[in-house]
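**Q** Got a structure for you, questions after.
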Amino acid sequence: MSASIDHIRNIGIIAHIDAGKTTTTERILYYAGVVHRPGGVDEGTTATDFDEEEAKRGITIYSAAITCHWKGYSINIIDTPGHVDFTAEVERSLRVLDGAVVVFSAMEGVEAQSETVWRQADKYNVPRICFINKMDRIGASFNRTFEEIKRRLRANPVALQIPIGEGSTSTGVSFEGVIDLVKMKSLYYDKGSMGSSFEVREIADEYLEQAQEWRNKMLEAVAELDEKVLEQYYETEDIPEADLLRLLREATLRGDLQPTFCGSSLNFIGVQPVLDAVGEFLPSPLDRPPVEGINPQPKKRGGDAGEPESRATSVDEPVCGLVFKIQTDKHGDLCFIRVYSGQLKSGTRLLNARTGKKELISQLWRVHADAREKVETDSIDAGDIAGVIGPKDAVTGDTLCDIKHPILLESISFPETVISMA
Ligand code: GDP
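Residue numbering for the sequence shown follows full-length UniProt numbering, starting at 1 and increasing by one per position.
Here's what the structure looks like:
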């Protein structure tokens, strides 16, 4: 079943190696019901790591796309490699996603590689939410990591949650859950339930002052975005929830701020709020500007080579998509395509704008938890991600498009296109 375009989220989960990207992805898939069994990286059973060598090395090298569903949203997780050697691959993935969850370790804070991926995401203007992970580890600090995100990344994180307790220390305090600063409630996690159940309680007296301080910081950051809301905030010292969420979303899409969450993905704490936030704050394909490219067809063949072309995110436009990954499994080559416009239909022929050759789309797949769980479908709409079998000469970076309406997307100046959105 496909979601309407505004309910599609094409996201990446990006992080410094070891910050918990794989574990967080795994938990997200678990909650979204794709992975029913909560495997962990340590058991080598993660759904994103379906390459044997990759699983052995414990590094997610290749990009793959996985679709999962959450509260009416269809979330395509485009796996981005975390190792610094693979930054070219990270950049390729960043081109096709609309938003990202950046995972930090509350122990190590912002590391050199976190900076690298953050700058790459800046370059491609990818709206972000932050997840401060490993809150259960000894020495974990939410405040320190939050300040480092501000200072080292020159970012504008806005905490929508603070932790209840931090990594078990000699004082015996341990991480028990999170305080939701929008609703001003505490979420205590039942450790026995793999985090699938949590209890919503009033904020305990000992945390009330701290929660109020952080909430005020959030309200001030949001009030500054809108004059009317600022006036209202000065009068009432509050912002109605609907305005708060709307302004947070708009500012996140512009890249002006980054809603920030915390938890422990290993212990399943705080992952559901992140999934909610993906739907709430990250962009849908409709929030992005039309993709731009050039006409690849030489004049002698009736084309208009070099002339600019663009396609809006709509099923009514001629179809075009970008091959961002080719993965080989026992069934052959599976091309992962981000469909930007029109409808990709099984059994049709498309033009490979680079080679000028026609390619058959013999089978279309919606790719679930791993390649073994792919589900065949007849068509994939603009804004969505498809797994395609059939193209013979396609390589990563190729554009497949309507034969009569050719466009070569490889030449998109991505940052410029996105900047024009603001
Ligand atoms: P990646 O390299 O960013 O994909 O990180 P992984 O998800 O592979 O995690 C690296 C290591 O940290 C693994 O041993 C995980 O079990 C562990 N880990 C991940 N998240 C947490 C967490 O929230 N708390 C603790 N204590 N360990 C975690």
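By construction, the Cβ of each residue, glycine as well, lies at the ideal position given by its N, Cα and C atoms.
#1: Decide if A204 is buried, meaning its Cβ has at least 16 other Cβ atoms within 10 Å, or exposed.
#2: DSSP on P273, reduced to helix/strand/coil?
#3: If you pair each beta-carbon of the segment 385-396 with each one of the segment 283-298, do three or more pairs fall below 8 Å?
#4: Over the uninterrupted alpha helix (DSSP H) stretch that includes F146, give me the two end residues.
#5: For R311, which of helix, strand or coil comes out of DSSP?
#6: Given this structure, state the Cα-to-Cα distance separating I14 from P259, to the nearest angstrom.
#7: In the DSSP assignment, what are the bridge partners of G387?
#8: Going by DSSP in three states, R137 sits in which element: helix, strand or coil?
#9: In terms of residue numbering, what span does the alpha helix (DSSP H) encompassing E235 cover?
#10: Would you check if the segment 16-33 and the segment 263-283 touch, i.e. whether three or more CB-CB distances between them fall below 8 Å?
#11: Beta carbon of T80, beta carbon of R366: below 7 Å?
#12: Give the C-beta separation of D402 and G342 to the nearest angstrom, bearing in mind that I take them to be a contact with Cβ-Cβ under 8 Å.
#13: In whole angstroms, what separates the C-alpha of E317 from that of E309?
#14: Classify Q210 as buried or exposed, calling it buried when 16 or more other Cβ atoms lie within 10 Å of its own Cβ.
#15: Under 7 Å between C-beta atoms, does I269 make it to chain D?
#16: Taking only the alpha-carbon atoms, compute the straight-line gap between V339 and I380 and give it to the nearest angstrom.
#17: May I ask which residues mark the beginning and end of the alpha helix (DSSP H) holding A242?
#18: If you follow the alpha helix (DSSP H) that I28 is in, where does it begin and where does it stop?
#19: Please report the residue range of the alpha helix (DSSP H) in which Q212 lies.
#20: Hey, would you say the C-beta of V11 is under 6 Å away from at least one heavy atom of the ligand GDP?
#21: DSSP on A100, reduced to helix/strand/coil?
#22: Measure the Cβ-Cβ separation of A394 and V319 and say whether it is below 7 Å.
#23: Leaving out the 5 sequence neighbours to the left and right, which residues in its chain are closer than 8 Å to G332 when beta-carbon positions are compared?
#24: Return the CA-CA distance between E250 and D98, expressed in angstroms with no decimal places.
#25: Distance check for N10 and V96, CA to CA, integer angstroms please.
#26: Out of Y188, Q120 and G255, state which residue places its alpha-carbon closest to the alpha-carbon of P157.
#27: Quick check: the Cα distance between I407 and T399, rounded to an integer number of angstroms?
#28: Taking the CB atoms as reference points, tell me whether I162 and E176 lie closer together than 7 Å.
#29: Under the rule that 16 or more other beta-carbon atoms within 10 Å means buried, what is T328, buried or exposed?
#30: Where do the N-terminal and C-terminal ends of the beta strand (DSSP E) with E199 fall, by residue?
#31: How about D79: is its Cβ closer than 6 Å to a heavy atom in the ligand GDP?
#32: Three Cβ pairs or more, each shorter than 8 Å: is that satisfied between the segment 99-107 and the segment 277-291?
#33: Please state if the CB of N133 and the CB of S105 are separated by a distance shorter than 7 Å.
#34: Could you tell me the alpha carbon to alpha carbon distance between S114 and T145, rounded to whole angstroms?
#35: If distances are taken between C-alpha atoms only, which option among I361, L245, L160 and A242 comes closest to K217?
#36: Return the Cβ separation of I337 and T348 in integer angstroms, given the expectation that the two are a contact with Cβ distance under 8 Å.
**A** Reading it off the structure:
#1: exposed
#2: helix
#3: no
#4: F142 to L153
#5: strand
#6: 15 Å
#7: F336 and W365
#8: coil
#9: E227 to T236 is the span of the alpha helix (DSSP H), which, as asked, contains E235.
#10: yes
#11: no
#12: 7 Å
#13: 12 Å
#14: exposed
#15: Looking at the structure shown, chain D is missing, and only one protein chain is on hand.
#16: CA-CA distance, V339 to I380, rounds to 8 Å.
#17: Here the alpha helix (DSSP H) through A242 covers E241 to R254.
#18: K21 to Y31
#19: D205 to A223
#20: One point to set straight first is that residue 11 is Ile, not Val, in the sequence displayed. False, no ligand heavy atom lies under 6 Å from that Cβ.
#21: strand
#22: no
#23: I389
#24: Across the structure, E250 and D98 are spaced so that their CA atoms are roughly 14 Å apart.
#25: Cα to Cα, the separation comes out at about 8 Å.
#26: For the residues Y188, Q120 and G255, the minimum Cα distance to P157 belongs to G255.
#27: 7 Å
#28: no
#29: Under this definition T328 is an exposed residue.
#30: F198 to R201
#31: no
#32: yes
#33: yes
#34: 12 Å
#35: Checking every option, the nearest Cα to that of K217 belongs to L160.
#36: That pair is no contact at about 13 Å.
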